[in-house]
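Residue numbers (full-length UniProt numbering), protein chains in the order written: chain R, 1 to 216; chain S, 1 to 216; chain Z, 1 to 216; chain E, 1 to 216.
Protein chains: 4
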Amino acid sequence: MSSERWNELADIKEELAARDWFPGTSGNLSIKVSSDPLTFLVTASGKDKRKRTDEDFLLVNELGLAVEETHLKPSAETLLHTEIYQNTDAGCSLHIHTLDNNLISDLYGDQGFITFKGQELIKAFGIWDEGGEITLPIIKNYAEIPKLAKELANQITPHIKGVLIRNHGITVWGRTGFEAKKHLEAFEFLCSFHLRQLQYKHLIKGGIGNGNVTFS
Amino acid sequence: MSSERWNELADIKEELAARDWFPGTSGNLSIKVSSDPLTFLVTASGKDKRKRTDEDFLLVNELGLAVEETHLKPSAETLLHTEIYQNTDAGCSLHIHTLDNNLISDLYGDQGFITFKGQELIKAFGIWDEGGEITLPIIKNYAEIPKLAKELANQITPHIKGVLIRNHGITVWGRTGFEAKKHLEAFEFLCSFHLRQLQYKHLIKGGIGNGNVTFS
Amino acid sequence: MSSERWNELADIKEELAARDWFPGTSGNLSIKVSSDPLTFLVTASGKDKRKRTDEDFLLVNELGLAVEETHLKPSAETLLHTEIYQNTDAGCSLHIHTLDNNLISDLYGDQGFITFKGQELIKAFGIWDEGGEITLPIIKNYAEIPKLAKELANQITPHIKGVLIRNHGITVWGRTGFEAKKHLEAFEFLCSFHLRQLQYKHLIKGGIGNGNVTFS
Amino acid sequence: MSSERWNELADIKEELAARDWFPGTSGNLSIKVSSDPLTFLVTASGKDKRKRTDEDFLLVNELGLAVEETHLKPSAETLLHTEIYQNTDAGCSLHIHTLDNNLISDLYGDQGFITFKGQELIKAFGIWDEGGEITLPIIKNYAEIPKLAKELANQITPHIKGVLIRNHGITVWGRTGFEAKKHLEAFEFLCSFHLRQLQYKHLIKGGIGNGNVTFS
Chain R
1 MSSERWNELA DIKEELAARD WFPGTSGNLS IKVSSDPLTF LVTASGKDKR
51 KRTDEDFLLV NELGLAVEET HLKPSAETLL HTEIYQNTDA GCSLHIHTLD
101 NNLISDLYGD QGFITFKGQE LIKAFGIWDE GGEITLPIIK NYAEIPKLAK
151 ELANQITPHI KGVLIRNHGI TVWGRTGFEA KKHLEAFEFL CSFHLRQLQY
201 KHLIKGGIGN GNVTFS
Chain S
1 MSSERWNELA DIKEELAARD WFPGTSGNLS IKVSSDPLTF LVTASGKDKR
51 KRTDEDFLLV NELGLAVEET HLKPSAETLL HTEIYQNTDA GCSLHIHTLD
101 NNLISDLYGD QGFITFKGQE LIKAFGIWDE GGEITLPIIK NYAEIPKLAK
151 ELANQITPHI KGVLIRNHGI TVWGRTGFEA KKHLEAFEFL CSFHLRQLQY
201 KHLIKGGIGN GNVTFS
Chain Z
1 MSSERWNELA DIKEELAARD WFPGTSGNLS IKVSSDPLTF LVTASGKDKR
51 KRTDEDFLLV NELGLAVEET HLKPSAETLL HTEIYQNTDA GCSLHIHTLD
101 NNLISDLYGD QGFITFKGQE LIKAFGIWDE GGEITLPIIK NYAEIPKLAK
151 ELANQITPHI KGVLIRNHGI TVWGRTGFEA KKHLEAFEFL CSFHLRQLQY
201 KHLIKGGIGN GNVTFS
Chain E
1 MSSERWNELA DIKEELAARD WFPGTSGNLS IKVSSDPLTF LVTASGKDKR
51 KRTDEDFLLV NELGLAVEET HLKPSAETLL HTEIYQNTDA GCSLHIHTLD
101 NNLISDLYGD QGFITFKGQE LIKAFGIWDE GGEITLPIIK NYAEIPKLAK
151 ELANQITPHI KGVLIRNHGI TVWGRTGFEA KKHLEAFEFL CSFHLRQLQY
201 KHLIKGGIGN GNVTFS
C-alpha cells in the first residue's frame with residue numbers, strides 16, 4: 001500500500017515548508033507508488049503546505065488523473081511529475097520556488113543552462129572527480145501546462161536530476177524521497193553560492209568557478 | 001460566534017511571528033466576524049505577538065471601537081482594517097513590516113507604485129496569463145491615522161489585494177485568513193525577488209522583468 | 001523574590017538564542033530585581049545560551065559581585081549592566097552581537113553615531129512625529145571592561161535606549177524585559193534597513209532617509 | 001562508555017541541522033571517546049542529519065575503521081577527524097559547508113589564508129588583546145581523502161582551532177563538544193562579517209578590519 005510513501009512525502013513537505021520553500025501555496029511534490037501501471041501520490045491543489053492533514057495528497061495515474069473517487073484536485077502541474085516518472089528512474093519529484101533558484105533561472109534563461117563547477121556539493125550527484133561539473137538545463141515557462149510538460153520531457157537529462165523553469169522554480173528528482181531531497185538541497189546550495197560569487201565578481205580574477213579564482 | 005475566527009487569526013499570528021514579521025511589536029492583524037453590522041477581531045495594542053494568550057484580540061465595530069467592555073485597546077491602526085473591509089471583499093487583513101517590503105516602498109515611493117511581471121508567483125492573485133503583471137500602489141505614510149486611513153481608502157484597488165505604505169510596511173487582504181496569508185507571502189516573494197534582480201541589474205540586458213533578461 | 005524575573009529573563013534568552021543572536025557564546029543579559037540596594041540577575045559566564053538551566057543567571061549587586069555564595073561567575077561584562085541601571089530607568093538590559101549591528105558600528109564608528117529617520121519603526125521608542133528620528137551613539141571598544149563601562153556611562157542618553165560598541169555589538173535597555181526586547185528588535189530592524197538602503201544607494205536620488213528618496 | 005559522548009554529539013548535530021548547515025547530506029562530526037588507544041564516534045555515511053536515530057554514529061579507531069561489527073560505514077572523510085585528534089588537543093571535531101565559509105575559502109584560496117582582526121568575537125578563541133587577530137589557513141581540496149588528510153595534518157595550527165578547505169567547507173575543533181561549537185559559531189560569524197564588510201568596501205576608507213575604518 002501507499003501509507004509508507006504517504007508518510008515519507010508528508011515528512012519532506014513538512015521539512016521544506018519549515019524553510020518557507022512554498023511561498024504563496026506554490027510548489028508541488030510527488031512520490032511513486034507503483035511502476036506498472038504508474039501511480040503516484042501528488043499534492044492536492046490549493047492546500048496550506050504548512051499543515052499536515054489526510055487531504056494533502058491523492059493517488060493519480062500516468063495521465064495525472066485521480067485513481068480513486070475523491071473531491072480533491074491534483075496539483076495543476078501534475079503532468080510535470082508524470083513526465084519525470086516516465087523519462088527517468090525517479091521515485092520522488094519535488095518542485096519548489098526560491099528567490100535564488102528563480103534568479104538563476106532568469107539570469108541564465110536566454111543561455112538555456114547554468115554550469116556549476118569546482119564545488120564539493122557536486123558530489124551529491126555522484127560526481128566524484130576533482131573539479132567535476134554539472135550543467136542544469138533552464139526551460140521556458142509556458143502558462144499552458146501540457147506544453148510546459150512536453151518542453152520539460154524534451155529537456156530531461158536523467159543523470160542531471162533537475163530542470164530549472166524560467167521564473168518558475170526548480171524541479172528535482174531522485175530514486176527515493178531522501179535522494180530527491182538531497183539533490184534539491186545541493187542544487188539550492190549551488191544556485192545560492194553562484195549568486196554569492198557573482199556579488200563578489202569584481203574582487204575575483206580569472207573567472208568564477210574555474211578553479212583558480214584569485215582575490216586581489 | 002467568533003471562536004473559530006479567533007483561532008484562525010491566532011494561527012496566522014503564530015506563523016508570521018515565527019518568521020519575525022512583527023519586529024518591535026509592529027504589525028497588526030484582523031479577521032471579519034460579521035458583515036452587517038461589520039464586526040471584526042483585531043490585535044490588541046502593545047502585546048508581544050510571539051505569545052498566544054486570550055487577550056491577543058478584541059472585537060470591534062465599523063468605527064474601530066470595542067463591541068464588548070474590555071480593558072484592552074485595539075491596535076492604533078484599526079481604522080486601516082475598517083477601510084479594507086468597507087472597500088473590498090476581504091474577510092481577513094494583515095499588516096506587517098519587513099526589510100524588503102519597506103525598501104520597495106521607499107525606492108518606488110515617489111513613483112507611487114511598483115509593477116511586478118513575468119513571475120510565476122503572480123498566479124497567487126488569480127492572474128494566469130503568460131507574462132501577467134500586477135501593480136501594487138504605494139501610499140504616503142501620514143502619522144495621523146484617520147488621514148492615513150482615508151489615503152488608504154482612496155488607493156485600494158479591490159482585485160490587487162494589497163497596498164504598500166511608504167516606510168511603513170504592507171497591508172494585504174483576502175476573502176479568508178488562508179487567502180490573505182497566500183497573498184502576503186506572494187507579495188513578499190515578489191518584493192524580495194525584485195530587490196534581488198536590482199542587485200544583479202548590472203549583469204542584465206534589456207531591463208528587469210521584461211521577459212527577455214539576458215546575462216552577459 | 002526573583003523567580004518571576006528569572007523566568008522573564010530566561011524566556012527572553014530563549015527567544016534571542018532561537019534567532020542565533022548569541023554567536024560563539026557572546027552576549028549577556030540582565031534584569032533588575034531590586035533598586036535600593038541595586039541587585040540584578042545577570043547571565044553566568046561561559047554557558048551555552050541555547051540551553052535553559054538553573055545555572056543560567058546569578059544575582060549580583062551594584063559592584064557586579066555575586067550576592068549569594070555560588071560557584072558561578074557573572075558575565076565578564078557585568079559592569080556594563082551596572083552602568084545601565086545606575087544611569088537610566090532600565091529594568092532590563094540586553095547585549096548582543098549581530099552581523100548588522102556590528103557592521104553599522106564599524107561603518108559609522110569614526111563618526112561616533114548613526115542617525116535613523118523616516119522609519120515607522122522609530123515609533124517603538126515613543127517618537128511619534130512624522131519624519132521622527134533617533135541618533136544612536138557608537139563608543140570605542142576597550143578590551144579593559146572598567147574602562148569600557150566608564151565610556152558607556154559617559155555616552156548613555158537615557159531616552160535613546162541603546163548604545164553601539166564598535167565591533168562589539170549593541171547594548172539596549174527598557175523599563176521591563178518586554179520593553180527592552182521591543183527596543184532591541186527595533187534597533188536591529190533600523191540597522192539592517194539602513195544597510196539595505198546603502199546597498200541600493202546608487203539607485204537613490206537625494207540621500208538616504210531624508211524623506212524624498214527617488215528611484216531613477 | 002560512550003553513551004554520554006553519543007548524546008553530546010547528537011545534540012550538536014541536531015542544533016547544526018536546524019540551521020541547515022548540512023546541505024545535501026554534506027558535513028560530518030565526531031567526538032573522542034578514548035585517547036589511548038584513540039577511539040571516537042563519527043557520523044555514519046549517507047544519513048539524513050535532520051533525523052535522530054541510533055545509527056547516526058559509529059565508533060572507529062585511529063585508522064578510521066569501525067571498532068565493533070556493524071553494517072554502518074563511517075563518513076568518507078573520517079581520516080580528517082583522525083588527523084585532528086592526532087595533532088591537537090581536540091575532543092570534538094566538526095566539518096560543515098556554508099555559503100559564507102565556502103566563499104571565503106574561494107576568495108582567499110590562492111592566498112592560502114584569511115586574517116580576521118578587530119572583532120570582539122575573536123575572544124571566543126581565547127585572544128583577549130585589543131585589536132587581536134586570528135589567521136585561518138585555507139588548504140587545497142583534493143578529491144582523494146588520504147591526500148587531503150595529509151594536507152590537513154600539514155596545515156593544522158593547534159591554537160587556531162580550524163582549517164578552511166577550498167570550496168569544501170570548514171573543519172573546526174575544541175576540547176569539548178561545547179567548545180568546538182563555540183569555535184564554529186565564531187568562525188562562521190567572522191567569515192560572514194568579513195563578506196559583509198567587502199560588500200560595503202567602496203564606502204570604507206583605510207582598509208577593512210584595520211581598526212580605523214571610516215565612512216565617507
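We put the CB at the ideal spot given by N, CA and C, even for glycine. In this text the structure is predicted, and so the values were computed from the model without any measurement.
Lys117 of chain R carries a strand assignment under DSSP once its states are collapsed to helix, strand and coil. For Lys32 of chain S, the uninterrupted beta strand (DSSP E) segment begins and ends at Asn28 to Ser35.
With fewer than 16 other beta carbons inside 10 angstroms of its own, Arg52 of chain S counts as exposed.
Here the alpha carbons of Gln119 of chain S and Gly132 of chain S stand approximately 8 Å from one another. Look at Ala76 of chain R here: in three-state DSSP terms it is coil, with no helix or strand label. Ile134 of chain E has E:Phe116 as its beta-bridge partners, per DSSP. Near chain R, meaning a CB-to-CB distance below 9 Å, the residues of the region 11-40 of chain E are Asp20, Phe22, Pro23, Gly24, Thr25 and Ser26. Judged by DSSP secondary structure, Asn141 of chain E falls outside any beta strand (DSSP E); it is assigned neither H nor E.
Contacts between Leu121 of chain E and chain Z, judged by CB atoms closer than 8 Å, involve Pro23, Gly24, Ser26 and His97 in chain order. Between the alpha carbons of Phe125 of chain S and Ile160 of chain S lies a distance of about 8 Å. DSSP, read as helix, strand or coil, puts His71 of chain Z in coil.
Neighbours of Asn7 of chain Z across chain E, judged by C-beta separation under 7 Å, do not exist; the nearest C-beta is about 23 Å away. Interface criterion not met: the Cβ of Asn101 of chain R is under 8 Å from no Cβ in chain S. Not a single C-beta of chain E is nearer than 8 Å to the C-beta of Lys161 of chain R.
At the C-beta level, Phe116 of chain Z and Leu164 of chain Z stay beyond 8 Å of one another. Taking 9 Å as the Cβ-Cβ cut-off, the region 161-188 of chain R approaches chain S at Ile165, Arg166, Asn167, His168 and Gly169, given in chain order. In this structure Pro137 of chain Z is in contact with Gln155 of chain Z, their Cβ atoms being roughly 5 Å apart against a cut-off of 8 Å. If you look at Trp173 of chain S, you'll find it in the beta strand (DSSP E) that goes Ile170 to Gly174. Secondary structure note for Phe22 of chain S: it is in no alpha helix (DSSP H), with a DSSP letter that is neither H nor E.
Non-local beta-carbon contacts of Leu103 of chain S in its own chain, meaning distances under 7 Å to residues more than five positions away in sequence, involve Leu195 in chain order. Here His95 of chain Z is not near Leu121 of chain E, since their CB atoms are 8 Å or more apart. Beta-bridge partners of Gly162 of chain E (DSSP): E:Val172. Look at the region 127-146 of chain Z: the residues with a C-beta under 9 Å from a C-beta of chain E are Asn141, Tyr142, Ala143 and Glu144. It is roughly 38 Å from the alpha-carbon of Ser34 of chain R to the alpha-carbon of Thr78 of chain E.
Assignment of Ile96 of chain R by DSSP, reduced to helix, strand and coil, places it in the strand class.
Taking every protein chain shown into account, the CB of Lys182 of chain R has 16 or more other CB atoms within 10 angstroms, so this residue is buried. Contact annotation: Thr176 of chain Z and Leu80 of chain Z have beta-carbon atoms that are not nearer than 8 Å. The Cβ of Asp48 of chain R sits closer than 8 Å to at least one Cβ of chain S.
At a cut-off of 8 Å between beta carbons, Leu94 of chain R makes no contact with chain S. Shown here for Arg5 of chain Z: same chain residues with a beta carbon closer than 7 Å to its own, the five before and five after excluded, namely Ile31, Val33 and Leu41 in chain order. For Asn61 of chain E, the enclosing beta strand (DSSP E) begins and ends at Phe57 to Asn61. Asn7 of chain S counts as exposed, since fewer than 16 other beta carbons sit within 10 angstroms of its beta carbon. Against Leu203 of chain R, the close residues of chain E are Leu107 and Leu198, in the order they occur along the chain (beta-carbon pairs closer than 8 Å). Shown here, Leu9 of chain Z sits in a helix according to DSSP, grouped into three states. Proximity of Ala90 of chain E to chain Z, defined by a Cβ-Cβ separation below 8 Å, is not satisfied.
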